[in-house]
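Notes follow the structure.
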Amino acid sequence: MSLKPMQSLRDLFRWKIRTTVIDENGVERVEWESPTRPANPFRLLASLSLIGWGAYLIGFAAWTADAFDFHTLSIQTTKLANHFDVSKTKMTETVTLTLLLRSVGAALFGVFADYFGRKWPLVLNLWILGALQIGSIYARNFNEFLAARALFGLAMGGIYGSASAMALENIPAEARGLMSGIFQQGYSFGYVLAACVNLGVGGSVESWPIGFWVGAGMSFFVGVLRAFFPESKQFIEARKETKGAGTANFRKSFVVMLKKEWKVCLYAIVIMSWFNWFSHSSQDSYTTFMLVGKGLNSAAASRASILMKTGACVGGTIVGYMSQWIGRRRAMVLACIMTCAMIAPWVLPTTEGGLEAGGFMIQFFVQGAWGVVPVYLSEISPPAFRAIFVGLTYQLGNAISAPSTQLINYLSENNFTSGPGGRRVQAYGPVMAIATAIIAAGLAITAAFGPEKKGANFEAAAAATTVQNTTDANAAGPSDLKSATWKTDSKDDGLDDEKKDGSEVDVRVA
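With the first letter of the sequence shown counted as 1, position 317 gets the number 317 in full-length UniProt numbering; the numbers rise by one all the way through.
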């Protein structure tokens, strides 16, 4: 895929949408099409097969369990800080370390998933995640807890790529926008479940291990479900074609992919760093903000957090669905603009109801933009390396954004503003508002200049153990046709002119 930033920016303001089609022979071409209203969502849901539904639900459950395990800590930052007798900023070092190490886990388990299949790497990953949740409970001091969370970060990083590949590989193309939006909200759903557990156990400092036990149980249970579900049909069929020529071909294909697609890989890391700053800056410290800055009690703060993430679930689903109509990047940019409009009602209210309404609306649009991410990354990824590309770029973005929560806590604790009744409180509200506005603008600009491959066919991908040659198609014989790469117009593969026939330009083998 070629990156043409100015062409991408112009595309954003054209009503017609650039789409990518890959036929049954693996030949890819770019076409223009007028946006069509997405089909009835209930008809789209009905278009999934039983196997498709099973794979999707298990992938969603894995992502939800992953998010629950992570948010069990961020929601209980104040409790844990009191338990280990450290500051809230010190406690957020555990979040920073977790985010930094997730990229290592994403690389490790992503390679396993693309080489060995979607099944057993994900099962092992989930069980390790559950074991490390239990290990966190038995930490005797802050340093032991920090070490347990570092290992937890390694395991957590492997879930997203494998789970999203499993969930979306069996989805019909026209249903991907809707199902991507729903899938991404497994993260928000995990937050809601963690907040519900926190609300149920009360505000006692010593209640914090209960959430960790629940998270461990979820991870083990989803791992068992995945163990009883069959391997991905696409992976099995593609792997048969390689006849076990495995490791050497995998390495060669990976090197070829990096040489050809390094710009796309770099772009994906940059945009995912913006996305992760976007979510962490607007949600991780929000419970602390309501407790410290607005004077709410633990129960009220938990209720507001639950409603905030309910908005995220709704927004991610709706914006993901709409991206099937207006395009992936356009949906992201509009969601970022609306996020900026919601900042004031998000941080200024002083009542529980006002904070709940503002939190609902801002997370509607923050996670609305996020709802496009799974399908967007899957569509721009090199097809044979979907699990590692999606997982690794997502988690490298996470690593870059790792200091976000700690930075916001540090700035908030060292600056002050007026709270309810005129009392002096830590400046969580202003810091979060300024950070979110800057990040939303950066994300919108990055997306505006990025590529789009809406409609790319997942089913035509070869396995990662199939070597992808880059020879000229004109020099290739019939047997080499599937592994060749070519363009019929070497001067311009960007389709600057809408009148060009899509079947005559930017044609290549996936």
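Note that CB positions come from ideal geometry on N, CA and C, so glycine has one too. All figures in this text were calculated on a predicted structure; none of them were measured in a lab.
Thinking just about the alpha-carbon of each residue, which of the options is nearest to the one in residue i?
i	options	result
ALA351	ASN125, LEU296 and LEU146	Checking the sequence shown, residue 351 turns out to be Thr, not Ala. Minimum Cα distance to THR351 is reached at LEU296.
ASP284	TRP325, ALA357, GLY368 and VAL431	VAL431
THR92	GLY110, GLY368, HIS71 and THR317	HIS71
GLY54	ALA106, ARG18, PHE229 and LEU122	PHE229
LEU396	GLY135, LEU122 and GLY158	GLY158
SER219	VAL256, ILE58 and ILE439	ILE58
ALA435	TYR56, ARG424 and ASN409	ASN409
PHE254	SER8, TYR160 and TYR115	TYR115
TYR428	TYR286, LEU50 and LEU178	TYR286
PHE145	ARG176, ASP85, LEU122 and VAL123	ASP85
TYR56	TRP325, ALA447, LEU99 and GLN185	GLN185
ASP66	GLY177, PHE212, SER273 and PRO35	PHE212
ALA46	ALA175, GLY203 and GLY391	ALA175
ILE134	ALA107, TYR191, GLY105 and LEU73	LEU73
ALA107	THR89, GLY391, HIS83 and GLU261	GLY391
ASN143	VAL104, GLY215, LYS90 and LYS119	LYS90
PHE275	GLY117, ARG43 and GLY368	GLY368
PHE4	TYR191, LEU258, PHE109 and TYR267	A quick correction: the sequence has Lys, not Phe, at residue 4. Nearest option by C-alpha distance: TYR267.
LEU168	PRO383, ARG424 and GLY421	PRO383
ALA139	VAL366, HIS83 and ARG386	HIS83
LYS233	SER302, ARG118 and VAL292	ARG118
ILE306	LEU100, GLU356 and ASN415	GLU356
MET332	VAL366, ILE343 and GLY293	VAL366
PRO121	MET179, ASN141 and GLU231	GLU231
GLY201	THR288, LYS263 and SER298	With the sequence shown as reference, residue 201 is identified as Val, and Gly is not the correct amino acid for it. It is SER298 whose Cα lies nearest to the Cα of VAL201.
Give the DSSP-derived three-state secondary structure of residue i in the structure shown.
i	result
VAL205	helix
PHE275	helix
GLY477	Residue confidence is low: GLY477 scores 36 on pLDDT, short of 50, so the model does not pin down where it sits. Its coordinate-derived value is still stated next. In the structure shown, GLY477 sits in coil (DSSP, three-state: anything other than H, G, I, E or B).
TRP63	helix
ARG333	Reading off the sequence, residue 333 comes out as Val, not Arg. Here VAL333 sits in helix by DSSP.
VAL373	helix
THR466	Reliability fails at THR466, whose pLDDT of 49 lies under 50, so the model's placement of it is uncertain and no value is given.
TRP15	coil
ALA484	With a pLDDT of 34 at ALA484, under the threshold of 50, the modelled position of that residue is not reliable, and the figure given next carries that caveat. In the structure shown, ALA484 sits in coil (DSSP, three-state: anything other than H, G, I, E or B).
ARG37	coil
GLU169	coil
GLU31	strand
GLU452	coil
THR351	coil
ASP69	helix
LEU48	coil
PRO430	helix
LYS294	coil
SER285	coil
PHE212	helix
SER381	coil
GLU231	coil
Which stretch, first to last residue, makes up the alpha helix (DSSP H) that contains residue i?
i	result
residue 512	The shown model of the chain, from 1 to 510, leaves out residue 512, and the question about it has no answer.
LYS426	First, the amino acid is wrong: residue 426 is Gln here, not Lys. Unbroken run through GLN426 is the beta strand (DSSP E), 424–426; no alpha helix (DSSP H).
LEU345	It is worth fixing the name first, because residue 345 is Pro in this sequence and not Leu. From DSSP, the alpha helix (DSSP H) with PRO345 extends over 343–347.
ALA155	142–157
GLN184	176–184
ARG303	298–326
PHE84	77–84
ASP11	5–12
LYS90	88–91
In the DSSP assignment, the beta strand (DSSP E) including residue i goes from what residue to what residue?
i	result
SER136	No beta strand (DSSP E) holds SER136; the alpha helix (DSSP H) holding it covers 119–137.
SER418	416–418
Mind reading off the beta-carbon distance from residue i to residue j? Whole number of angstroms is fine, and I expect it under 8 Å.
i	j	result
PHE68	ALA173	Not really, about 30 Å apart at Cβ, beyond 8 Å.
SER164	PRO374	5 Å
HIS280	THR96	So it is not a contact: roughly 10 Å between Cβ atoms.
ILE51	ASN170	6 Å
ILE182	THR310	Not confirmed; about 14 Å, so no contact.
CYS340	PHE189	With 8 Å as the limit, CYS340 and PHE189 do not qualify as a contact, their Cβ atoms being about 25 Å apart.
GLY359	TRP346	6 Å
MET272	THR393	5 Å
PRO38	TRP370	With 8 Å as the limit, PRO38 and TRP370 do not qualify as a contact, their Cβ atoms being about 19 Å apart.
GLY442	SER323	Not confirmed; about 20 Å, so no contact.
Please confirm if the stretch 379–386 is in contact with the stretch 58–66, defined as three or more CB-CB distances below 8 Å between the two stretches. They do not touch, by the three-pair rule.
Given 8 Å, three or more beta-carbon pairs between the stretch 79–89 and the stretch 201–209: Segments in contact, yes.
Would the stretch 124–140 count as touching the stretch 152–165 if we require 3 or more Cβ pairs under 8 Å? Result yes; three or more Cβ-Cβ pairs closer than 8 Å.
Quick test of the definition: if touching needs 3 or more C-beta pairs under 8 Å, does the stretch 7–21 touch the stretch 31–40? Note that the stretch 7–21 touches the stretch 31–40; at least 3 beta-carbon pairs, one per stretch, sit closer than 8 Å.
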